[in-house]
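Trainee:
Protein chains: 2
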Amino acid sequence: MKLQLQITMNEALYLRDPESSELGKKILKQSVELIYKVGFEAFTFKKLAEEIGTTEAGIYRYFENKHKLLVYLTSWYWGWLEFQISFHTNNISDASIKLKKVIHLLASTVEEHEDTKYINESLLHQIIISEGSKAYLTKQVGEDNKQQFFKPYKDLCAVVGTIILECKPSYKYPKSLASTIIEMAHFQNFFMNNLPALTDFGVTKQEDELIAFLNDLVFASLENAK
Amino acid sequence: MKLQLQITMNEALYLRDPESSELGKKILKQSVELIYKVGFEAFTFKKLAEEIGTTEAGIYRYFENKHKLLVYLTSWYWGWLEFQISFHTNNISDASIKLKKVIHLLASTVEEHEDTKYINESLLHQIIISEGSKAYLTKQVGEDNKQQFFKPYKDLCAVVGTIILECKPSYKYPKSLASTIIEMAHFQNFFMNNLPALTDFGVTKQEDELIAFLNDLVFASLENAK
DNA sequence: TTATAATGATAGTAATACTATCGTTAAAAA
DNA sequence: TTTTTAACGATAGTATTACTATCATTATAA
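Here the protein sequences line up with chains A and B, keeping their order. Residues 0 to 225 in numbering that gives the first Met the number 0 are what the first sequence lists, from first letter to last. Residues 0 to 225 in numbering that gives the first Met the number 0 are what the second sequence lists, from first letter to last.
1) Where does Thr108(A) fall in DSSP's three states?
2) Is there a Cβ of chain A sitting closer than 8 Å to that of Asp215(B), yes or no?
3) Do you know how far the Cα of Leu33(B) is from the Cα of Glu21(B)?
4) Starting from Gly160(A) and walking both ways along the alpha helix (DSSP H), at which residues does that stretch end?
5) Are the region 46–56 of chain A and the region 115–135 of chain A touching, with three or more C-beta to C-beta distances below 8 Å?
6) Just to confirm, are Pro173(A) and Ile180(A) a CB contact at a threshold of 8 Å?
7) Pairing CB atoms from the region 86–97 of chain A with CB atoms from the region 57–69 of chain A, are three or more of them under 8 Å?
8) Rounded to whole angstroms, what is the Cα-Cα separation between Gln139(B) and Val202(A)?
9) Closer than 7 Å by C-beta to Tyr76(B): which residues in its own chain qualify, once you throw out the five before and the five after it? Chain order, please.
10) Thinking C-alpha only, which one of Ser220(B), Glu222(B), Ala211(B) is nearest Ala106(B)?
11) Quick one: using the 10 Å Cβ neighbour count with 16 as the cut-off for buried, is Leu216(B) buried or exposed?
12) Excluding the 5 residues preceding and the 5 following Thr137(B) in the sequence, name in chain order all residues of the same chain whose CB lies nearer than 8 Å to its CB.
13) Is Pro151(A) closer than 8 Å to Ser85(A) when the C-beta atoms are compared?
14) Taking Cβ to Cβ, would you say Tyr170(A) is nearer than 8 Å to Ala219(A)?
15) Consider the Cβ of Ser169(A): report whether some Cβ of chain B lies at a distance smaller than 8 Å.
16) Report the option in Asn188(B), Pro195(B), Leu194(B) whose CA atom is closest to the CA atom of Asp207(B).
17) State the start and end residues of the unbroken alpha helix (DSSP H) segment that holds Met191(B).
18) Which residue's Cα is closest to the Cα of Glu63(A): Phe82(A), Asn192(A), Leu12(A)?
19) Please identify, using Cβ separations under 8 Å, the residues of the region 181–203 of chain A that lie next to chain B, in order along the chain.
20) Roughly how many whole angstroms lie between the Cα atoms of Ala196(A) and Phe190(A)?
21) In three-state terms, what does DSSP make of Tyr13(A)?
22) Suppose only complete runs of 4+ residues qualify. What are the alpha helix (DSSP H) ranges in the region 49–105 of chain B, listed by chain order?
23) Roughly how many angstroms lie between the CA atoms of Val159(A) and Leu104(A), to the nearest whole one?
See the structure below:
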């Protein structure tokens with residue numbers, strides 16, 4: 000048995016549903032690989048078209064511009080992560096263990112499942128680390144938000160916030176702590192690999208140390224709450 | 000008496016020192032206002048030249064490209080902040096009070112001192128919040144780092160890390176906690192104003208609540224350390 | 001069998017991100 | 001004071017980016 004995970008995407012993010020055709024799936028697959036390779040700034044629809052073997056106009060039939068494509072990919076990632084969390088914390092009754100699992104999922108390198116799918120989660124994870132915040136750090140964030148583009152991120156944050164409150168109902172900042180964990184799982188990873196002076200993690204065993212830091216941060220805050 | 004604060008800038012960031020001429024100072028002043036107004040993506044040297052009343056080529060004599068200008072501005076900000084911290088924590092003996100002061104300085108809206116200077120710190124603070132991380136979230140981060148472009152950020156982080164250790168010598172993650180405070184002071188501010196569902200801060204008294212959150216996060220971590 | 005929809009191929013445009021040249025002006029050195 | 005140098009303004013030019021438009025072809029569905 001093999002069941003395909005389907006993530007519901009905001010229709011305003013695309014012109015034609017990329018999951019509905021072979022070309023669309025190629026766009027998703029190759030855009031992840033190309034953004035990973037050259038970075039979001041140097042990524043263009045022309046280069047993407049060349050990789051795929053189609054034309055620029057072909058890409059524009061699916062996505063209005065590269066910003067919407069980035070928002071699409073980040074939304075997909077948040078949706079996917081929320082599913083991973085709900086799957087892996089299912090029937091864990093102890094909220095603290097649940098929260099530890101969440102931190103582990105956020106901070107661990109994603110390992111590949113099947114390469115058959117059209118999105119490589121492991122590369123996408125790296126993209127989220129390096130480019131993810133560019134999806135909302137823009138002048139149009141207000142309009143994008145009105146169109147619900149960040150709902151998957153908010154939903155994930157709400158899920159984590161709820162688990163935090165399960166651990167400690169009296170904690171006063173569940174949502175801010177949730178967004179802090181999520182952002183720091185990515186930023187500290189980026190710093191560790193690119194600006195190590197900003198972290199306390201060595202080159203070896205790095206991931207474990209990042210997880211330990213996040214656990215320490217979160218559980219100290221919760222234990223401290225009255 | 001009026002003493003002008005001079006921040007030493009990495010010479011590799013510019014082609015001609017912008018602080019050495021009137022045009023250079025205008026470039027700094029107007030770039031802050033233009034980036035604040037249109038955002039870094041829509042900001043171009045052509046528009047900047049028009050604002051100043053010079054030509055595109057005139058700007059290119061000072062800065063190679065807009066990325067280096069952004070790195071220049073962020074470096075300036077980190078240097079300025081480090082000075083603010085050293086100034087305002089001077090002769091405070093209690094490390095905890097010092098750390099609280101640091102958090103306050105990081106998370107407070109910067110109010111204007113004199114408008115005579117060529118950099119508006121209050122607008123620059125807003126730019127750091129919205130655009131700051133784009134200075135290092137690039138493919139060239141490694142090369143930029145080799146050229147010491149991020150030294151001011153690292154220095155600031157080291158200063159904060161040292162104060163953290165003064166508070167609690169046994170705490171294991173002073174640098175990661177320092178970079179977490181700095182990043183979160185900015186990100187939570189951005190979320191509060193643009194994606195409020197990611198925070199627990201209301202529209203009123205927002206700044207105080209953000210400071211309270213950061214204090215709670217930091218001191219819980221330190222008190223928790225053995 | 002005929003519509004309809006998706007794609008490929010090609011063209012074109014305005015803006016961006018530069019580089020190069022040249023004449024003028026203003027300040028510093030001789 | 002004259003001469004040299006440095007900075008600036010003005011203009012031009014190029015490759016790339018970020019699109020939009022058109023039309024022929026192919027595959028699918030009515």
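Heads up, the beta-carbon is just placed ideally off N, CA and C, and yes, glycines get one too.
Mentor: Short version:
1) coil
2) yes
3) 18 Å
4) 150–166
5) no
6) no
7) no
8) 20 Å
9) Leu123, Ile127
10) Ala211(B)
11) buried
12) His66, Asp143
13) no
14) no
15) no
16) Asn188(B)
17) 173–193
18) Leu12(A)
19) Glu182, Met183, Phe186, Gln187, Phe189, Phe190, Asn193, Leu194, Ala196, Leu197, Thr198, Asp199, Phe200
20) 8 Å
21) coil
22) 55–59, 65–87
23) 12 Å
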